[in-house]
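The letter at position 4 of the sequence shown is residue 56 when you use our numbering, and the numbering goes up by one with no holes. Ideal Cβ placement from N, Cα and C applies to all residues, glycine included. Keep in mind the model is a prediction, meaning the values are calculated, not measured. Structure, as structure tokens:
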Amino acid sequence: LAQRTYALPQSAIVRPLAEMLTQAAEKEEVSLRQLRDNWKPYDSSFYQTYEKEWVPIDRLRRQAAAGLTDLLQKYSITITETTP
Numbered sequence: 053l054a055q056r057t058y059a060l061p062q063s064a065i066v067r068p069l070a071e072m073l074t075q076a077a078e079k080e081e082v083s084l085r086q087l088r089d090n091w092k093p094y095d096s097s098f099y100q101t102y103e104k105e106w107v108p109i110d111r112l113r114r115q116a117a118a119g120l121t122d123l124l125q126k127y128s129i130t131i132t133e134t135t136p
């Protein structure tokens, strides 16, 4: 997923949104890798740490989605017009 975010359009209008998605994907990748590498049976602390790391990741995703929605509304573009 992180690799796919690098391929997002880099025009000035969507660059901040693409950077937010890239940052969220990178953080998600790191947190999943840490969970995989540090997981131990019957120890829930690893899951608690993982869940805490998801809060800022979800916030970045929501901000990017809200920004995209705002841009679509501002320029009167429907979501179907953006899909190939």
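Asked                                                                                                                                                                               : Found
Between the alpha carbons of ASP110 and LEU120, how many angstroms are there, rounded?                                                                                              : 15 Å
Count the other C-beta atoms from every protein chain shown that fall within 10 angstroms of the C-beta of ALA64, then say buried if there are 16 or more, exposed otherwise.       : exposed
Quick one: which unbroken alpha helix (DSSP H) runs of 4-plus residues sit fully inside the stretch 60-116? Chain order, please.                                                    : 67-90
Does THR121 come out as helix, strand or coil in the three-state DSSP assignment?                                                                                                   : helix
Please check the pair LEU112 and TYR102, which I expect to be a contact at CB under 8 Å, by giving their CB distance rounded to whole angstroms.                                    : Contact doesn't hold; Cβ gap of about 16 Å is too wide.
By alpha-carbon positions, which one of GLN55, GLN62, GLN75 and ARG56 ends up nearest to ARG114?                                                                                    : GLN75
Could you name the residues of the same chain whose beta carbon sits closer than 6 Å to that of ALA70, not counting the 5 residues immediately before and after it, in chain order? : LEU60
Comparing alpha-carbon positions, which option in ARG56, THR57 and LEU73 lies nearest PRO108?                                                                                       : LEU73
Of all the options PRO93, GLU105 and VAL66, which has the alpha carbon lying nearest to the alpha carbon of ASP122?                                                                 : VAL66
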